[in-house]
């Protein structure tokens, strides 16, 4: 039922997909113009400027796997190639993150396919394809949660459907506004808000059930 | 009591995407941009090289020397015999094949004639008799003497260009 409702909300209003975006900062616009004219130094400055958010966006889809780093670099290369076609309908940042997200999803699909075939060939048990999600970071012991609770919450987040999990991870990364997430995912703003709330609700409910 | 608050869930989720990018991200990207140009050149050059190779192969197959036909013992004997002189007539000695059939005094053809395809319902075509072919004596071709009349040429006259400047303008 949850997936069906999410699907209905996703396809309801195409006009709402394009959310109003903030105007491009002047320094970024200058760098983009210079890079469009062929300046690699200017594009390098853009890479430095956005590498953090690009990597974090890739990790929302791919986890801490080294694929995220590779996809981030690949997205920058694609952005450089497509830069002459950048019309400025959205900010450069949103345009770039859309490229990153598509690349990350392509990589995730390829990885899942590869893992499925590998498991089938070896006869392994089915494993969660997002097990590679970041877990090397230190546990948030600064919070009031115990280590066991952190582990359980992380496990429940991994169990979420890809749509809910992706949206939750993007929203909680602290890098994106909801409008930007809507533009990256290509869904209405209301869908983003609903997915985040639904993801939290499901995680809480499952934790309550297992307690 | 053991259920985390939404803010705690967000904190865990946030940790799942943390991680600083490699210090060499910019260098790696710029390096990829350079190598991408080289790769594009390679992808453009590869089909051209393949086309040239195919062309050479095609020409080589076309110009390959044709496979000589399997020589009969009679033809081999004819080829090893000294060439008949221009004065030798039809009475010249020619080796006889074991079957008693007279072999042609001509050298063996370099290539066997391809057999006509057999169509269903049609009788097979018998090969022409060598004796009949040898009996053919075409008349000599007469070529009349070619006369070339000299062409009368006159010196080329170029009219003066003076007075045409206003027209050109």
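Protein chains in written order, with our numbering: chain E, -12 to 198; chain U, 440 to 608. Every residue, glycine too, gets a C-beta built ideally from N, C-alpha and C. On a predicted model such as this, the values are computed, not experimentally measured, just so you know.
Query	Result
Distance, residue 497 of chain U Cα to residue 573 of chain U Cα	38 angstroms
Test: residue 18 of chain E CB closer than 7 angstroms to a CB of chain U	no
Whole-angstrom C-beta distance between residue 460 of chain U and residue 59 of chain E, which should lie under 8 angstroms	7 angstroms
Minimum C-alpha distance to residue 10 of chain E - residue among E/148, E/52, E/194, E/75	E/75
Residue 64 of chain E to residue 181 of chain E span [Cα, whole Å]	33 angstroms
Cutoff 7 angstroms: residue 464 of chain U Cβ touching any chain E Cβ	yes
Beta-carbon proximity check, residue 42 of chain E vs residue 18 of chain E, cutoff 7 angstroms	no
Interface positions of the region 32 to 47 of chain E facing chain U (Cβ-Cβ less than 7 angstroms), listed along the chain	34, 35, 38, 39, 42, 43, 46, 47
Cα-Cα separation between residue 87 of chain E and residue 474 of chain U, rounded to whole angstroms	20 angstroms
Chain E contact for residue 483 of chain U (CB, 7 angstroms cutoff)	no
Rounded separation between residue 560 of chain U and residue 567 of chain U - CA only	21 angstroms
Nonlocal neighbours in the same chain, by C-beta distance under 7 angstroms from residue 538 of chain U, ignoring five residues either side	The pLDDT assigned to residue 538 of chain U is 47, lower than 50, so where the model puts this residue is not dependable; a value taken from the coordinates is nonetheless given after this. Answer for residue 538 of chain U: no residue qualifies.
C-alpha distance - residue 442 of chain U paired with residue 472 of chain U, whole-angstrom precision	49 angstroms
Where the region 54 to 72 of chain E meets chain U: residues whose CB sits under 9 angstroms from a CB there	55, 56, 59, 60, 61, 63, 64, 67, 68
Cutoff 8 angstroms; reference residue 90 of chain E; Cβ partners in own chain excluding five residues on either side	45, 58, 61, 62, 65
Residues, ordered as in the chain, of the region 441 to 462 of chain U that lie near chain E by beta-carbon distance below 9 angstroms	441, 442, 443, 444, 445, 446, 447, 448, 449, 450, 451, 452, 453, 454, 455, 456, 457, 458, 459, 460, 461
Chain U contact for residue 196 of chain E (CB, 7 angstroms cutoff)	no
Residues in the region 150 to 178 of chain E having any Cβ partner in chain U nearer than 7 angstroms	155, 156, 159, 160, 161
Nearest-angstrom Cβ-Cβ length linking residue 186 of chain E and residue 147 of chain E, presumed shorter than 8 angstroms	6 angstroms
Residues of the region 132 to 151 of chain E with Cβ closer than 8 angstroms to any Cβ of chain U, in chain order	132, 136, 137, 140, 141, 144
CA-to-CA distance, residue 37 of chain E to residue 80 of chain E, given in whole angstroms	8 angstroms
Backbone secondary structure at residue 454 of chain U - three-state DSSP	helix
Neighbour-count burial assignment, residue 52 of chain E, 16 or more Cβ in a 10 Å radius	buried
Alpha helix (DSSP H) segment containing residue 72 of chain E, residue limits	Looking at the DSSP string, residue 72 of chain E is not in any alpha helix (DSSP H), and its letter there is neither H nor E.
Pair within 7 angstroms by beta-carbon distance, residue 168 of chain E and residue 452 of chain U	no
Within chain E, partners of residue 468 of chain U - CB distance below 7 angstroms	34, 60, 63, 64
Short CB-CB distance (under 7 angstroms) between residue 502 of chain U and chain E	no
Residue 101 of chain E, buried or exposed, once every other Cβ within 10 Å from all chains shown has been counted against 16	exposed
CB of residue 27 of chain E within 7 angstroms of CB of residue 469 of chain U, strictly	yes
Residue of E/154, E/192, E/13, E/137 minimising C-alpha distance to residue 447 of chain U	E/137
Chain-ordered neighbours of residue 87 of chain E on chain U, where CB pairs are closer than 7 angstroms	Near residue 87 of chain E there are no residues of chain U at all, since even the closest Cβ is about 12 angstroms away, more than 7 angstroms.
Straight-line Cα distance separating residue 489 of chain U from residue 190 of chain E	58 angstroms
Other residues of its chain near residue 82 of chain E: CB distance less than 7 angstroms, five sequence neighbours each side excluded	73
Residue 179 of chain E beta carbon less than 7 angstroms from that of residue 165 of chain E	yes
DSSP state of residue 473 of chain U mapped onto helix, strand, coil	helix
Chain-order list of residues whose beta-carbon lies under 7 angstroms from that of residue 30 of chain E (same chain, five-residue window excluded)	22, 67
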